[in-house]
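Taking it in order: structure first as structure tokens, then the write-up.
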Amino acid sequence: MPAYDPHAIEAKWQEYWERNRTFCTGDRSSKPKLYVLDMFPYPSGEGLHVGHPEGYSATDMYCRFKRMKGFNVLHPMGYDAFGLPAEQYAIETGTHPRVTTEKNISNIRRQIKRLGFSYDWDREFASTDPEYVHWTQWIFLLLFDTWFDPEYEWIDPEGKKRTGKGRPISELPIPAVVQTDGEETVCRYRDSFRLAYQAESPVNWCAALGTVLADEEVINGRSERGDHPVQRIPLRQWMLRITAYADRLIEDLESLQWPDPIKEMQKNWVGRSQGAEVDFFIETSDTSYEKWTAERKAMGFPGQPGPDTIRIYTTRPDTLFGATYMVLAPEHPLVGKLTTDDQRSEVEKYIKYASNLSEEDRVAGRGEKSGVFTGGYAINPVTGEKIPVWIADYVLISYGTGAIMAVPGHDQRDLEFARTFQLPVRAVVMPTDDWFQRMQDYLERLHEVLVIEVPNKKWPPQDPLGPDNYTQYIELLPEAFIEDGEGMQSANPGVSLNSLPTPLAKEKIVAWLVRSGIGRSAIKYKLRDWLFSRQRYWGEPIPILHALNADGEPSGLIQAVAEDELPVLLPEMEDFKPTGRPGGPLEKAVEWIHVRKEGREFARETNTMPQWAGSCWYYLRFCDPRNRDKAWDPDKEGYWMPVDLYVGGAEHAVLHLLYSRFWHKVLFDRGHVSTMEPFQKLVNQGMILSTTYRTSKGRIVPYSKIDFKEGKAFHVETAEELAGETEKMSKSRGNVIPVDIPVQQYGADTTRLYEMFIGPLESTKPWSMQGVEGISRFLNRAWRMIVDESGDELKLNPAVVRNDAPADEEQLRVLHRTIDAVSRDMESLSFNTAISRLMEFVNYFTAQENRPLTCMESFVLMLSPMAPHIAEELWQVLGHSESIAYAPWPLLDSRYIQESTIEMPVQINGKVRGRITVSADADEKAMEQAALSDPKVKKHLEGHAIRKTIVIPKKMINIVAKPNTN
RNA sequence: GCCGAAGUGGCGGAACUGGCAGACGCACGGGACUCAAAAUCCCGCGCCCCUCGCGGGCAUGAGGGUUCGACCCCCUCCUUCGGCACCA
Numbered sequence: 000m001p002a003y004d005p006h007a008i009e010a011k012w013q014e015y016w017e018r019n020r021t022f023c024t025g026d027r028s029s030k031p032k033l034y035v036l037d038m039f040p041y042p043s044g045e046g047l048h049v050g051h052p053e054g055y056s057a058t059d060m061y062c063r064f065k066r067m068k069g070f071n072v073l074h075p076m077g078y079d080a081f082g083l084p085a086e087q088y089a090i091e092t093g094t095h096p097r098v099t100t101e102k103n104i105s106n107i108r109r110q111i112k113r114l115g116f117s118y119d120w121d122r123e124f125a126s127t128d129p130e131y132v133h134w135t136q137w138i139f140l141l142l143f144d145t146w147f148d149p150e151y152e153w154i155d156p157e158g159k160k161r162t163g164k165g166r167p168i169s170e171l172p173i174p175a176v177v178q179t180d181g182e183e184t185v186c187r188y189r190d191s192f193r194l195a196y197q198a199e200s201p202v203n204w205c206a207a208l209g210t211v212l213a214d215e216e217v218i219n220g221r222s223e224r225g226d227h228p229v230q231r232i233p234l235r236q237w238m239l240r241i242t243a244y245a246d247r248l249i250e251d252l253e254s255l256q257w258p259d260p261i262k263e264m265q266k267n268w269v270g271r272s273q274g275a276e277v278d279f280f281i282e283t284s285d286t287s288y289e290k291w292t293a294e295r296k297a298m299g300f301p302g303q304p305g306p307d308t309i310r311i312y313t314t315r316p317d318t319l320f321g322a323t324y325m326v327l328a329p330e331h332p333l334v335g336k337l338t339t340d341d342q343r344s345e346v347e348k349y350i351k352y353a354s355n356l357s358e359e360d361r362v363a364g365r366g367e368k369s370g371v372f373t374g375g376y377a378i379n380p381v382t383g384e385k386i387p388v389w390i391a392d393y394v395l396i397s398y399g400t401g402a403i404m405a406v407p408g409h410d411q412r413d414l415e416f417a418r419t420f421q422l423p424v425r426a427v428v429m430p431t432d433d434w435f436q437r438m439q440d441y442l443e444r445l446h447e448v449l450v451i452e453v454p455n456k457k458w459p460p461q462d463p464l465g466p467d468n469y470t471q472y473i474e475l476l477p478e479a480f481i482e483d484g485e486g487m488q489s490a491n492p493g494v495s496l497n498s499l500p501t502p503l504a505k506e507k508i509v510a511w512l513v514r515s516g517i518g519r520s521a522i523k524y525k526l527r528d529w530l531f532s533r534q535r536y537w538g539e540p541i542p543i544l545h546a547l548n549a550d551g552e553p554s555g556l557i558q559a560v561a562e563d564e565l566p567v568l569l570p571e572m573e574d575f576k577p578t579g580r581p582g583g584p585l586e587k588a589v590e591w592i593h594v595r596k597e598g599r600e601f602a603r604e605t606n607t608m609p610q611w612a613g614s615c616w617y618y619l620r621f622c623d624p625r626n627r628d629k630a631w632d633p634d635k636e637g638y639w640m641p642v643d644l645y646v647g648g649a650e651h652a653v654l655h656l657l658y659s660r661f662w663h664k665v666l667f668d669r670g671h672v673s674t675m676e677p678f679q680k681l682v683n684q685g686m687i688l689s690t691t692y693r694t695s696k697g698r699i700v701p702y703s704k705i706d707f708k709e710g711k712a713f714h715v716e717t718a719e720e721l722a723g724e725t726e727k728m729s730k731s732r733g734n735v736i737p738v739d740i741p742v743q744q745y746g747a748d749t750t751r752l753y754e755m756f757i758g759p760l761e762s763t764k765p766w767s768m769q770g771v772e773g774i775s776r777f778l779n780r781a782w783r784m785i786v787d788e789s790g791d792e793l794k795l796n797p798a799v800v801r802n803d804a805p806a807d808e809e810q811l812r813v814l815h816r817t818i819d820a821v822s823r824d825m826e827s828l829s830f831n832t833a834i835s836r837l838m839e840f841v842n843y844f845t846a847q848e849n850r851p852l853t854c855m856e857s858f859v860l861m862l863s864p865m866a867p868h869i870a871e872e873l874w875q876v877l878g879h880s881e882s883i884a885y886a887p888w889p890l891l892d893s894r895y896i897q898e899s900t901i902e903m904p905v906q907i908n909g910k911v912r913g914r915i916t917v918s919a920d921a922d923e924k925a926m927e928q929a930a931l932s933d934p935k936v937k938k939h940l941e942g943h944a945i946r947k948t949i950v951i952p953k954k955m956i957n958i959v960a961k962p963n964t965n
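Here the first sequence is numbered in numbering that gives the first Met the number 0, starting from 0 and rising by one per residue.
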């Protein structure tokens with residue numbers, strides 16, 4: 000039966016690898032190490048579709064290639080198994096999430112194993128394993144035990160001087176005032192510095208469902224399930240102080256081999272900006288403005304703003320003279336104080352309205368600015384002018400200081416707001432000529448559609464827009480000038496920014512603000528601290544105990560669960576239904592919660608960790624997955640880290656990668672890991688698309704209802720021809736192709752090869768069942784090139800056996816050119832072109848009567864990383880008894896890729912008109928001569944005068960010629 | 001709206017650093033083998049023109065530019081996909 004039988008071969012070799020533990024990796028070796036990692040998959044109940052194994056196929060091919068090149072390769076697999084779906088399923092059916100999870104894991108493990116990936120299965124684990132939960136909790140406690148010292152100076156492994164480091168909380172200096180206040184105050188003081196801390200933060204509370212919802216479960220302020228109203232209510236939460244590491248998260252990106260767009264996205268997410276904080280005096284204060292300014296001048300800028308000032312953050316302190324009003328976030332603490340009795344009901348109404356909008360809904364109303372005047376005023380510290388204070392939802396309490404100075408002349412949002420509520424607009428930066436020109440062009444284009452009501456002004460301006468009429472028309476322009484320009488209308492007795500370019504103006508005004516005790520330069524980040532607690536059952540319990548006072552109420556004092564009491568495992572529960580309280584399902588486990596220790600009463604923390612926790616450090620556990628005493632052995636970590644190649648989807652570009660990097664840096668600061676960054680090289684595989692079929696009425700038809708024939712699709716019932724469109728795979732589109740389908744039909748090798756053959760790893764590409772067929776044909780051809788299909792027993796094709804003579808020159812040239820190209824393609828993860836090269840090889844050698852054994856062996860070696868099962872089988876047919884997995888990669892003999900003669904195209908005026916063949920060592924002169932004597936070239940040059948000849952050795956010759964005029 | 005990526009035959013794609021556009025595969029057409037079909041093998045296959053040849057022209061989203069020479073670099077525009085969402 001020597002026809003290619005993928006199923007028999009694949010079962011045989013998968014069994015062989017497993018029995019011989021072929022891919023289990025030792026932790027020490029004289030070979031260079033290589034750590035190749037796939038992103039931690041979530042074991043969903045749906046199983047894998049053809050898109051999932053794309054990245055796994057790529058890393059597997061790379062690992063197998065590198066093993067043959069002599070590397071000691073770590074290539075593990077595991078499961079990120081906590082998460083919402085299993086819990087949701089438990090609520091609906093009563094099935095314990097652990098049961099669902101285990102079932103899903105074994106299904107996915109089966110699917111992965113069938114593809115024959117060379118994972119070290121001895122290292123497999125799931126984030127839900129108690130031993131893993133143990134060390135996840137241990138890391139949480141490390142975060143709890145760490146504070147960030149922004150002043151600490153140290154030298155990084157590259158010898159660079161750095162400032163700011165995470166240190167043990169025991170090293171936190173305690174101010175004398177705190178010390179004297181007693182033990183309890185010291186505790187609270189420490190708690191306020193920890194990287195893991197508690198704070199109030201709003202959650203999506205759905206009273207009807209009796210539970211807290213994730214953002215994605217809320218649509219337009221209502222629950223996705225059941226369409227019930229959702230409220231935002233504050234809740235005590237655990238936060239992680241990722242903002243302390245903001246600068247290092249940006250700086251350290253530089254050393255990484257990551258795609259630039261991903262680095263860019265991370266930078267933008269952290270969103271560092273340089274600006275200034277400025278205090279504005281509130282008019283309704285008890286003191287007078289004069290007294291306030293005098294005090295400030297004497298005392299300087301205080302760390303906290305005090306009750307009579309609004310502190311704002313701005314990136315454009317140079318526009319301070321143009322601040323004509325202020326806006327506070329509705330949640331800002333000073334709103335109550337500023338609001339006058341007249342305005343109170345309006346303001347309260349607005350606050351209520353804004354508080355029930357999720358951030359997403361706030362954005363939905365963008366464009367139309369909403370807000371309310373508080374009735375209160377503040378004083379602009381540079382002009383001394385009284386300016387109104389408003390509240391509006393476009394100012395976010397979570398960013399900066401939750402308050403802004405509004406400069407409608409030079410900020411688009413402020414301009415729109417000012418126009419809506421008819422607030423004054425003042426020009427304080429003179430735009431560039433270039434901008435005037437652009438604005439003028441824009442006005443001319445908009446001329447007919449733009450209708451702006453203008454009292455006392457003719458609109459649009461008669462004269463072209465420019466410095467002379469800018470001030471006059473500023474509030475009518477469709478866009479504010481927000482770029483750098485020159486200061487204007489910006490002077491008071493103490494300081495003038497007039498005619499100063501923006502960067503200098505910023506410096507000058509900040510210096511003045513500092514002198515006056517009114518402001519200081521400041522850096523802000525968009526990045527916010529990481530909300531780390533979830534009101535869920537199926538997650539790692541947060542290992543914290545809350546001390547209870549005599550009444551059994553939490554005293555506010557907390558302590559970590561002792562290290563030797565970890566892990567804190569989830570209590571067994573049967574009913575996962577919501578409690579009806581925001582606290583989450585663990586509140587039901589009364590016995591589990593109650594802890595008595597050394598005669599004192601404690602309640603366990605009932606919040607659990609988010610799904611991110613498990614995927615934040617799994618790459619470290621893979622270095623030493625069975626360690627019972629430690630999260631990992633430092634020697635093993637030192638040997639394997641960092642991850643040399645990390646492959647996964649771009650959807651994790653920001654959050655997962657940022658969170659992991661943050662944990663890694665804390666672990667580094669506390670001396671637990673040897674590298675500052677976890678993932679040296681990152682590659683994002685592109686999405687695999689599928690075809691969605693719809694009827695002429697636009698109804699989606701699932702694959703089970705489609706009859707494919709003659710390259711077209713017909714509805715099984717109506718026989719209507721269906722139109723196909725390439726789209727993302729999703730359940731709702733009915734176009735999901737489970738990976739079992741191609742594996743069953745064509746085998747694992749064909750499936751893996753096709754995953755890579757469709758196109759470059761990083762691009763989005765459509766799956767085509769017909770394309771899979773082509774790959775299957777290729778493997779069959781390769782098989783027949785080497786195996787004799789005629790008899791009953793497995794033996795070499797006579798064309799291979801017969802040949803005792805060495806390969807001829809041409810065969811060697813084909814072979815070595817293939818080795819050269821495939822080796823380079825494998826190194827750069829260009830598997831699509833590597834496969835093409837192997838196809839060309841097969842096409843060539845299939846036509847050869849004599850197929851030298853050495854050539855066939857090299858071919859099988861090159862095929863083996865990509866299609867390992869068939870390669871093992873062919874390797875055996877070729878007479879080897881050992882697995883091919885560690886056989887050395889074929890060596891390139893560069894003599895065979897050098898040509899003795901070269902064919903070069905000859906261009907005349909950039910068009911190919913002939914070809915010449917010259918010897919490889921011919922000089923430019925000789926090439927030119929050869930070109931000029933070529934009959935076709937001669938013919939084309941008739942009646943032309945040669946003006947110039949460009950000779951690029953080995954590439955081409957271009958003759959520039961002009962027709963003779965005479 | 002902003003940020004990012006990408007537009008090449010009927011389709012997926014290839015083309016290394018600015019040097020022969022369309023490798024390889026799919027689909028399609030023709031032929032061989034066969035009683036027949038499948039499988040397999042061979043040939044053809046960007047578009048257009050013609051005096052049908054070893055001919056010519058046009059072609060890498062559109063328009064322009066740089067260059068002896070542009071899929072590749074620059075400018076403007078169009079389209080598609082992905083991400084983000086008023087960040088002061």
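Yeah, the Cβ is synthetic: ideal placement off N, Cα and C, and Gly gets one too.
Looking at C-alpha atoms only, which residue of the options is the closest neighbour of residue i?
i	options	result
Gly878	Asp892, Asn957, Ala7, Lys794	Lys794
Ser827	Ser880, Val682, Lys910	Val682
Lys30	Ser520, Pro42, Met67	Met67
Lys947	Lys935, Val936, Ala960, Lys953	Ala960
Gly967	Val334, Leu319, Asn355, Ser880	This structure cannot speak to residue 967, because the chain is shown only from 0 to 965.
Lys704	Thr100, Leu721, Leu688	Leu721
Glu482	Gln439, Trp434, Tyr524	Trp434
Pro741	Thr24, Pro52, Glu941, Ala929	Pro52
Ala297	Thr749, Gly516, Lys629	Gly516
Using only the alpha-carbon positions, how far apart do residue i and residue j sit?
i	j	result
His6	Met955	50 Å
Asn966	Asp632	Past the edges of the chain, shown from 0 to 965, lies residue 966, and the structure says nothing about it.
Pro316	Tyr324	15 Å
Asp59	Glu17	16 Å
Phe480	Ser498	16 Å
Gly551	Asp574	25 Å
Asn19	Phe621	21 Å
Gly370	Gln436	34 Å
His446	Glu726	Low confidence applies here, because His446 scores a pLDDT of 49, under 50, leaving its location unreliable; read the following figure in that light. C-alpha separation (whole angstroms): 41 Å.
Val513	Phe279	14 Å
Leu837	Ile8	21 Å
Thr292	His409	27 Å
Who are the Cβ neighbours of residue i in its own chain at under 7 Å, not counting the five residues just before and after it?
i	result
Ile541	Phe139, Trp237, Ser532, Glu604, Asn606, Thr607, Met608
His655	Trp611, Ser614
Excluding the five sequence neighbours on either side, which residues of its own chain have a C-beta within less than 8 Å of the C-beta of residue i, listed in chain order?
i	result
Ala602	Leu544, His545, Leu547, Pro553, Ile592, His593, Val594
Where are the beta strand (DSSP E) runs, 3 residues long or more, that stay fully inside the stretch 628-658, in chain order? 644-648
Only counting runs of 4 or more residues, tell me where the alpha helix (DSSP H) segments fall wholly within the stretch 661-719, in order along the chain. none
Pick out the complete alpha helix (DSSP H) segments inside the stretch 257-323, 4 residues or longer, and give them in chain order. 259-269, 288-298
Check whether the stretch 280-290 and the stretch 243-255 are in contact - that is, three or more C-beta pairs closer than 8 Å. With the cut-off at 8 Å, the stretch 280-290 and the stretch 243-255 do not touch.
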